[in-house]
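Visitor:
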Amino acid sequence: MKELTDKQKKVMKYIRIFHASNGMMPTVREIATNFGLSIGSIQQHLRALLSKGYLVKRGSLSRGIDFPNRKSFSPVAVLGTVHAGTFLEQIEDSSDYIYINTDITRNRKCFALKVKGDSMEPSGIIDDDTIIVSKDEEPVNGDIVVALVNDESAVKIFYKEGDIIYLKSSNTKYPALSSENQKIDVIGKLIYLVREYKG
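Shown next, in the form of structure tokens:
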């Protein structure tokens, strides 16, 4: 591969560190913000890194750059926020993408959500985690699911007795929810979690 300029080396180093820390590639805007440069300038550096073989382009998504010869990764849409605790908002339309190893996603229909709240902390799911959810699998008792409770999003532990669905928090300060007195629609099962390192 062709030699990189000093600036291209710095951009490449930032991309590697960002990916290692976040489990996804940075957007052009995130790279530009880090270096205090215009988006146009960063796009020029990225084009050079692509032409020199240090990066490859995977589609036209906002995080569409990738490393060559890397394991196959699939884009999973981040649909907004899910609440582990109180319910504050509905799941939103896709605003971003995260790349997940295809060994995890396989052929499943998946989406990602940012977690807010502390009701699932004892299960290892904390505020600002990103969870990957499969829409294809029927949950069984004890699975962690994303559900709409009276049309507001929640991440909880799933239980079903007869026709009644129960959603429980692993943090005992939150009461269990029941489909006996609330509308509950389970929309997916948690299959993976991504956590950003905050040093």
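Count along the sequence shown from 1, add 50, and you get the number used in the working numbering. We put the CB at the ideal spot given by N, CA and C, even for glycine.
1. Starting from the C-beta of N231, find all residues in its chain whose C-beta is less than 6 Å away, skip the five residues before and the five after it, and write them out in chain order.
2. Could you pull out every residue in the same chain whose Cβ sits closer than 6 Å to the Cβ of Y247, ignoring the five residues on either side in sequence?
3. H133 bridges to which residues according to DSSP?
4. Buried or exposed for G192, going by 16 or more other Cβ atoms inside 10 Å?
5. Helix, strand or coil for G238, going by three-state DSSP, please let me know.
6. Report the rounded CA-to-CA distance for E171 versus E187, giving the unit in angstroms.
7. Can you round the beta-carbon distance between L227 and I194 to whole angstroms, since I take them to be within the 8 Å contact cut?
8. Taking the alpha carbon of T222 as the point to measure from, which residue in S173, S91 and I65 has its own alpha carbon closest?
Guide: So, from the data block:
1. By one-based count along the sequence shown, residue 231 stands at place 181. For N231, where only same-chain residues beyond five positions count, there are no Cβ hits under 6 Å.
2. As a first step, residue 247 is located in the sequence shown; it is residue number 197 there, counting from the start. Cβ-Cβ distances below 6 Å link Y247 to S71 in the same chain, with the five nearest sequence neighbours on each side left out; the list follows chain order.
3. Translated into the one-based positions of the sequence shown, residue 133 becomes position 83. Within the DSSP secondary-structure output, H133 pairs in a beta bridge with K166.
4. Locating residue 192 in the sequence shown gives position 142, where the first residue counts as 1. The residue is exposed, with fewer than 16 neighbouring Cβ atoms inside 10 Å.
5. If you number the sequence shown from 1, residue 238 lands on position 188. It is a strand residue.
6. Here residue 171 is taken as the residue at index 121 of the sequence shown, counted from 1. Here residue 187 is taken as the residue at index 137 of the sequence shown, counted from 1. Spanning the two alpha carbons is a distance of roughly 24 Å.
7. Walking along the sequence shown from the start, residue 227 turns up at place 177. Walking along the sequence shown from the start, residue 194 turns up at place 144. Between I194 and L227 the Cβ distance is about 14 Å, and since that is not below 8 Å, they are no contact.
8. Indexing the sequence shown from 1 puts residue 222 at position 172. Ranking the options by Cα distance to T222, first place goes to S173.
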